[in-house]
Amino acid sequence: MSWEPVIGLEIHIHLKTRTKMFCRCEVEYAAEPNSHTCPVCLAHPGSLPVPNEKAVEWTIKLGLALGCRIADRAIFHRKNYFYPDNPKGYQISQYDEPLCVDGRLVVPGPDGTTEVGIVRAHLEEDAAKNVHLGTAEGRIAGASATLVDFNRAGTPLVEIVTQPDIRSADAARRFLQLLRQTVVELGISDAEMEKGSLRFDVNVSVRPSGSDELRTRTELKNLNSFAFAARAIEREVQRQAEVYQSGGDVEQETLHFDPGAESAPPLRSKEEAQDYRYFPEPDLLPIEPPAELVEKMRGELHELPGARILRLAEGLDVGLAEDLVTSGRDALYERVPGDRRAVANVLMNQFAVSGVDPAAANADELGRLIDARSRIPRDRFTEALAKSGDPGFSADAYLGDGLVAETSELEPIVDRILEANPGQVESYRGGKEGLLGFFVGQVMRETQGKADPKVVNELLREKLSA
Amino acid sequence: MSVETLRLKAEEASRLVESGEASAAELHAAYLAAIEERDGELNSYLRTVPEADGAGVPIAFKDVISSRGVETTAGSKILSGYVPVFDSTVAARCREAGLPLIGKTNMDEFAMGSSTENSAFGPTRNPWDPERVPGGSSGGSAAAVAAGLAPWALGSDTGGSVKQPASLCGIVGLRPTYGTVSRYGIVAFASSLDQIGPMTKTVRDNALLYRIVAGKDPNDTTTVDVPPVEIPEAEDLKGLRVGVPRELNEAEGIEPGVKQAVDRTIELCRELGAEVGETSLPRSVEYGLACYYLVAPAEASSNLARYDGVRYGLRVDGANVREMYEKTRDAGFGDEPKRRIMLGAYALSAGYYEAYYGQAQKVRTVIAREHAAAFESFDVLVSPTSPTVAFKIGEKAENPLAMYLSDVLTIPSNMAGLPGLSIPCGLSDGLPVGFQLIGPQFSENTLFRTGHALEQTIGFDYVPERLR
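Sequences listed follow chains A and B, in order.
Each residue of the first sequence is one higher than the last, beginning at 3 in the numbering used here.
Each residue of the second sequence is one higher than the last, beginning at -2 in the numbering used here.
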């Protein structure tokens, strides 16, 4: 029997507002512990929350970008639980009346587009950070003490929950990349996993291909990269399929991955049905976004990355278009003139490693360089790309010292190399054709890289087979 | 000059300071001396402030009100030693108005109670009879004002905690419309019900203090703009329509002496020119108390979760974090907060939410509508504030349900977010009886006007007989 994965995601994105969600403490990553705190985010008696309007606006904007309906009336709820990183004993979150509901994200892929339903996107506050002392891994088990850093307490967080519409690990990776690119382009989050400004959990189950049942799911937590998530999902899908194949049943549980060691097997824990005793936060009024605000946010949306991938894919292919868009190099791609595929390939390869800011690169000069790339020695081309962001950059300097392609000039050099290496010539003729590269290298060294590799190849083949 | 505080109204004290007859420091010292003299018996203060910080009339705060640098315990061991680093909005407004804080008053722990016996720091006694309770939970503030230990004070009212002790101590107490006074910096009990209210000797003093503390506050998003507060002058009640809700005036448990004093006052309303008619609030009175005892504990169970020993207040160490929580909260909370936390957590539990908390919120809407309907025909509704006069210390301490019934007459309008004023209207067995005036939202000016006119005619002497 073949098994189909059923995958849903829950993503948390930190909004990069200047101040926290419910107080006016500054939000600063990696600041001196407890340097951005006040009576509100420390939950001193009598302190009250005041919502960050920017965070509300940005959540609406994100909701619109995800095709959600923006609620006329949304309310904050209290989610009650005890933990030292939760100073009030409750987290202000949203429950059954979230700000954004019922959207979808169209994810282009090589096998066609996947439409992923968005159940909801809501606004909440983040917890503080517990720091466990006395163990090497900073884990709570065996820790001698726990310190709490409240800088992160009360920072704004958007939680996005998808429908279980994703059918492969690769599609999950694509969705996450596209979502990340979308929030980055909206300017509402850095969405950097290393900083924790983008975190996600994955729900995985499998079912016989063709069926539409939903079986028991497991939850994968602490996945620290998209690529790792894709591998972890694949392994979990396979494991579940094997469990069913051998007549067993998948148990509902959570798999906690070790962010420090990808190869370590995940820790498994039974999902305890925790009762958070949700109730409407009496300290806050309902959010009733005025229609003008929603329209203003809608007006600020530009062409979204998903749509751009589809548009760019028409002259290219989906994979390359996706790479361009999710790497943020598509705007440059659209500005650089020349053969579309060649431009895309150079931007995704040699240009990508140059470290040049795509926004600073001189598009027209890049176009000229790429157009002439077959006539420029590789290291000179690399050097040119690295300088393509410099003010006043011109391709002329690299086009000027073109390659030596004249057979009359190269032939004596080729002859000399072959004469000097009789042993290798013998071997080549004996069948070790891989040695061709060796001869090409010798010629390039002799000509200080200026020989046209195409002509050299031809000459060598001709003479060696003679 | 030496100031005699026993009879001194805040308005008069203010005149003394303004005319230069007494300095703020002298006034402050006079009250400290009175506290020294009379509070050993009453225990109305948890702590006093030795120096006047401000040029005006001193004020006492119930110990739920944060004042920067002054220990605030809410009557609980779990907050022992906690010193706020910030001013509550009402404290800041009093500071701006030049009112020096004279001290923090005793209260039922976390404002849970109707007798001030639930304080972790011992009960407060009623200045009219030290064998009796002053009411609660703002019993310390009520006793202090009644005994001349503060010209005025602030209390907090969730189910009747300003009105009921005002009634039992023979003073004036206002529970303002929900949203008119900021809750920022007030140790929370039940957020959707808590309101700060003035406790004073006279209605005019009450309006003066309400004018200082009321108003929209950017730090409390549930506050609203408040109509300008008028200091009452009225001598009659011409044109006023007074409604007498049958259920609030004929409720089981209303003492005959209380009923008599209240009926006399209703008659007085007529004599002063008001139209008096009967009305009815059947569901509000039948369901109000039950509804309150779901909503208030539910919110309290969440509001009190922050007292976990991690950041401030009491901490009892344990082998792990869970044990620390359990030991801290077990040692720190008294019986009544524990009882209400359990009740509230239960009412919010999955599977029970709809039947309890959800249902109670729906009933609240019904109560608000029923009151709104009554206010189509009447400007104010009247009743006793408390079914009884001050009861003996210990009399109801062992019976929480009997204690809860102390608030049966104040709770319905509180559930609807409405303002209520309690004024003394006479004595029963030598103990003060409170007359409750309830108005529609933002009708404080009407309540003050009515209360003032009645006060002038009744001529109640607010100094307890045994202290005269």
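Here a beta-carbon is modelled for each residue, glycine too, at the ideal position from N, C-alpha and C.
Residue i at chain A interface by Cβ criterion, 7 angstroms
{"i": "V307/B", "result": "yes"}
{"i": "E462/B", "result": "no"}
{"i": "R303/B", "result": "yes"}
{"i": "T102/B", "result": "no"}
{"i": "S153/B", "result": "no"}
{"i": "Y322/B", "result": "yes"}
{"i": "L345/B", "result": "yes"}
{"i": "Y353/B", "result": "no"}
{"i": "F330/B", "result": "no"}
{"i": "F439/B", "result": "no"}
{"i": "E296/B", "result": "yes"}
{"i": "F83/B", "result": "yes"}
{"i": "S299/B", "result": "yes"}
Whether residue i touches residue j by CB criterion (7 angstroms)
{"i": "Y28/B", "j": "P55/B", "result": "yes"}
{"i": "S85/B", "j": "Y207/B", "result": "no"}
{"i": "R217/A", "j": "R209/A", "result": "yes"}
{"i": "R75/A", "j": "Y92/A", "result": "no"}
{"i": "D404/B", "j": "G157/B", "result": "yes"}
{"i": "I408/B", "j": "G285/B", "result": "yes"}
{"i": "G119/A", "j": "Q165/A", "result": "yes"}
{"i": "P279/B", "j": "E244/B", "result": "yes"}
{"i": "Y42/B", "j": "T102/B", "result": "yes"}
{"i": "L291/B", "j": "Y353/B", "result": "yes"}
{"i": "N123/B", "j": "E333/B", "result": "no"}
{"i": "T2/B", "j": "A21/B", "result": "no"}
{"i": "S111/B", "j": "Q192/B", "result": "no"}
{"i": "V239/B", "j": "C266/B", "result": "yes"}
{"i": "L234/B", "j": "L269/B", "result": "yes"}
Identity of the residues DSSP links to residue i by a beta bridge
{"i": "D217/B", "result": "D214/B"}
{"i": "K131/A", "result": "D151/A"}
{"i": "F281/A", "result": "R80/A"}
{"i": "P381/B", "result": "F432/B"}
{"i": "I32/B", "result": "Note: I32/B sits in no beta bridge, so no partner."}
{"i": "K389/B", "result": "R129/B"}
Bounding residues of the beta strand (DSSP E) (the contiguous stretch that carries residue i)
{"i": "Q242/A", "result": "First-last for Q242/A: F228 to Q247, but that is the alpha helix (DSSP H), not the beta strand (DSSP E)."}
{"i": "R44/B", "result": "Y42 to T45"}
{"i": "N82/A", "result": "F78 to N82"}
{"i": "L151/B", "result": "W149 to D154"}
{"i": "A57/B", "result": "I56 to K59"}
{"i": "R447/A", "result": "Unbroken run through R447/A is the alpha helix (DSSP H), L438 to E448; no beta strand (DSSP E)."}
{"i": "A205/A", "result": "For the record, residue 205/A in the displayed sequence is Asn; it is not Ala. L200 to P210 is the extent of the beta strand (DSSP E) around N205/A."}
CB contact below 7 angstroms: residue i versus chain B
{"i": "F281/A", "result": "yes"}
{"i": "P292/A", "result": "no"}
{"i": "L178/A", "result": "no"}
{"i": "P35/A", "result": "no"}
{"i": "V44/A", "result": "Reading off the sequence shown, one finds Leu at residue 44/A, where the question assumed Val. Answer yes: the Cβ-Cβ gap between L44/A and chain B drops below 7 angstroms somewhere."}
{"i": "L326/A", "result": "no"}
{"i": "D128/A", "result": "no"}
{"i": "D481/A", "result": "The structure shown has nothing for residue 481/A, since chain A only spans 3 to 468."}
Segment limits, alpha helix (DSSP H) that includes residue i
{"i": "W60/A", "result": "E55 to A67"}
{"i": "Y354/B", "result": "No alpha helix (DSSP H) contains Y354/B, which DSSP labels as neither H nor E."}
{"i": "Q179/A", "result": "A171 to L188"}
{"i": "R243/B", "result": "R243 to N246"}
{"i": "V358/A", "result": "V358/A -> no alpha helix (DSSP H), and no H or E assigned at all."}
{"i": "N442/B", "result": "E441 to I455"}
{"i": "I338/B", "result": "D332 to L345"}
**Asked** Of all the residues that make up the stretch 78 to 99 of chain A, which are near chain B by a beta-carbon distance shorter than 7 angstroms?
**Response** Here the close residues are R80, N82, F84, P86, P89, K90, G91 and Y92.
**Residues, ordered as in the chain, of the stretch 63 to 78 of chain B that lie near chain A by beta-carbon distance below 8 angstroms** = Of all residues in the stretch 63 to 78 of chain B, the ones placed with a Cβ closer than 8 angstroms to any Cβ belonging to chain A are S63, T69, A71 and L76, in chain order.
**Request:** Identify each residue in the stretch 182 to 199 of chain B for which the Cβ-Cβ distance to at least one residue of chain A is less than 7 angstroms, and report them in chain order.
**Result:** G182, I183, V184, A185, S188 and S189
**Asked** For the stretch 30 to 58 of chain B, which residues have a beta carbon sitting closer than 8 angstroms to at least one beta carbon of chain A?
**Response** none
**Proximal residues, the stretch 147 to 167 of chain A versus chain B, C-beta separation under 9 angstroms** = For the stretch 147 to 167 of chain A, which is checked against every Cβ of chain B, the residues closer than 9 angstroms are T148, V150 and F152.
**Message:** Along the stretch 48 to 73 of chain A, where does the CB come closer than 9 angstroms to a CB of chain B? Name the residues.
**Reply:** G48, S49, L50, P51, V52 and P53
**Request:** With 8 angstroms as the limit, tell me which residues of the stretch 207 to 234 of chain B have their beta carbon closer than that to any beta carbon of chain A; keep them in chain order.
**Result:** P215, N216, D217, T218 and T219
**Message:** Can you pull out the residues from the stretch 282 to 316 of chain A whose beta carbon lies closer than 9 angstroms to at least one beta carbon of chain B?
**Reply:** P282, E283, P284, D285, L286 and L287
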